[in-house]
Amino acid sequence: MQGGRRFRTLALTAVAALALAACGGGDDGGEDTNAGGGSSKDGVLKLGYVFPESGELAHLGPPQISATKYAISEINKAGGVLGKPIPEVVGSDEGGKAEIANASVDRLLGQNVDGIIGAAASGMSLAILDKVKSAQKVQCSGSNTAPTFTDYNDDGFYFRTAPSDVLQGPILADTITGDGHDTVAITYRGDDYGKGLAEATKAALENVGATVPVMEAYEPNTTNFNATVSKIRDAKPDAVVMVSFQEGAQLGTKLIEAGFKANQFYSADGMKDEEMAERFSKSDPSVIEGFKGTGPASVENKEFTEGLKAFDPKLEVFQYAPQVYDCVVVMALAAEAAKTDDPAVFKTKMNEVTKDGEKCTTFAQCRDLLKDGKDIDYDGASGPLDFTEPGEPGATEIEIYEYNDKGKFEIVDTVPSKPLT
């Protein structure tokens, strides 16, 4: 459904910002709406995050948490939002389970945050999004890629700086066929992330003439892949796509035992992990040599990387850090543009500050342009954002990674996506 986004766009051309607050879900722009978890409207932008501190995506937690805190630090050095510093961020675990993520959001809402950064996993964001929407808080994720969000009826409260898998699927398909494969089995996690990327990849493969004899979902928490492996083996494909997280190592190991080689394997960002080789084999990291995958490109932003390293010297993984940083900055700039910390109002400025104005690359630079009455186009740590109507990038760069004989992934190419229309 596109109703929430379409209505917001029409409202922007028809009514003032306070009326938009009412369209967002019952806020009349006057008294506080704390009964629904509404904004305190105290002039202080308060943020919380929901990131994986445990569970199968725990390796994504540190860079996203540090990027959130780093962004807030930089914003506060520049004078804060609406002339006041952002308080210390309130954080909680998503844990890879809906019940954990929901309990975390309840804690954040109980502390009356204005905006929530996260979750990392698409499934966890979908588990909490309706609750966030009902509370009239703005949510922004730097790593949600499931296509589901594009048409989700979120009343204009949800945004993401990570690209949809609709953009990634064709690049993954081109990588596979470019390696000479034309019969491809696809197996995927039976969740929104897995289904969305699998379907985008299948469509792109078939569009270039490849055949997909197996399109098999599995339960994300399963430990038995025998039936899936048997179906793939019997189809005799020359390549296998695994849209998986950590469990993909167990699936891949079973496929190797069935006669497949790692250079027939393809995946996405969910299996781009420094510890992936050890999950396949503790004694032989070369077992995954030749395994390829795709994901949103790591940004070559030396200034950002060095700044984040100085802020958190212990940080070793930077996956999605630029995108998360940009979530915080866009939210802060939207509040500046709306002249309020009320999320039911500043949500209407989230798209606007990323396009069609004067280029700027830092919070301070963009904020000063806003004070001068100018429209801005924030190009962030992750590059140009140019949010489309659903509040997401319309184009991006996709990187192709490959595991070497030491079990480490290397970026072998970066490819621009085709813009969404």
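In terms of mature numbering (1 follows the signal peptide of the UniProt record, and there is no 0), the sequence shown is residues -21 to -1, 1 to 400.
Note that beta-carbon positions come from the ideal geometry of N, C-alpha and C, so glycine has one too.
By the neighbour-count criterion, in which 16 or more other beta carbons inside 10 Å mark a residue as buried, S33 falls on the exposed side. Of the other Cβ atoms in all chains shown, 16 or more fall within 10 Å of the Cβ of D356; this residue is therefore buried. If you ignore the 5 residues before and after E195, its C-beta comes within less than 8 angstroms of the C-beta of A164, I165, T166, Y167, T207, K210 and I211, all in its own chain and listed in chain order.
The shortest CA-to-CA distance from N205 to any of P199, T180, L234 and P216 is the one to L234. DSSP links Y382 through a beta bridge to F388. Excluding its 5 nearest sequence neighbours in each direction, V266 has C-beta neighbours in its own chain below 6 angstroms: F259 and S260, listed in chain order.
P292 is classed as exposed because its beta carbon has fewer than 16 other beta carbons within 10 Å across all chains shown.
Of the residues assessed, Q90 falls on the exposed side of the cut-off, its CB having fewer than 16 other CB atoms within 10 angstroms. A check of alpha carbon separations from V324 across T333, G62 and M310 identifies M310 as the nearest. Each of L24, N186 and D130 was checked against the Cα of G175, and the nearest Cα belongs to D130. Within the segment 97 to 128, complete alpha helix (DSSP H) segments of at least 4 residues are found at 101 to 113, given in chain order. Taking 8 angstroms as the upper bound for CB-CB distance, A57 and F342 are in contact here, some 5 angstroms apart. Around the beta carbon of P275, a 10 Å sphere encloses 16 or more other beta carbons of the protein chains shown; the residue is thus reported as buried. In this model, A125 and F136 are separated by some 17 angstroms (Cα to Cα). G102 and D171 have their C-alpha atoms roughly 6 angstroms apart. In the structure shown, Y49 falls within a helical segment according to DSSP collapsed to helix, strand and coil.
Under the DSSP assignment, V296 falls outside any beta strand (DSSP E); it carries neither an H nor an E label.
According to DSSP, S246 shares a beta bridge with G272. For V222, the CB contacts under 8 angstroms within the same chain, skipping 5 residues up- and downstream, are I165, T166, Y167, R168, Y172, G173, L176, A177, T180, S246, A247 and G249 in chain order. DSSP assignment within the segment 186 to 220 yields the following whole alpha helix (DSSP H) runs of 4 residues or more, N-terminal first: 205 to 214. Listed in chain order, the non-local C-beta contacts of A183 below 6 angstroms within the same chain comprise G148, P149 and A152, local neighbours out to five positions each way being set aside.
CA-CA distance, T162 to E185, rounds to 10 angstroms.
The beta carbon of K251 lies closer than 8 angstroms to those of G272, G274, Q298, Y380 and F388 in the same chain, with the five residues before and after it left out. Exclusion of the five residues before and after N242 leaves G269 as the residues of its chain whose Cβ lies within less than 6 angstroms of its Cβ.
Assignment of L287 by DSSP, reduced to helix, strand and coil, places it in the helix class. Every unbroken stretch of the alpha helix (DSSP H) spanning 4 or more residues and falling wholly within the segment 303 to 334 is given here in chain order: 322 to 325.
Per DSSP, E337 is one residue of the beta strand (DSSP E) stretching across E337 to C339. Around the CB of N123, 16 or more other CB atoms lie within 10 Å, so the residue is classed as buried.
Excluding five sequence positions before and after A314, the CB atoms of its chain that fall closer than 7 angstroms to its own CB belong to L24, V60, L61, D320 and F325, given in chain order.
Here S260 carries a coil assignment [DSSP, helix/strand/coil].
The C-beta distance from Y49 to Y304 rounds to 6 angstroms, short enough to meet the 8 angstroms contact threshold. For A57, the secondary structure class from DSSP, reduced to helix, strand or coil, is coil. By the beta-carbon neighbour count (other beta carbons within 10 angstroms, threshold 16), D72 is buried. Between the beta-carbon of F224 and that of L36 there is about 6 angstroms, and that keeps the pair under the 8 angstroms contact cut. Excluding residues up to 5 positions away in sequence, D356 and D358 lie with their Cβ nearer than 7 angstroms to the Cβ of K338 in the same chain. For I377, the secondary structure class from DSSP, reduced to helix, strand or coil, is strand.
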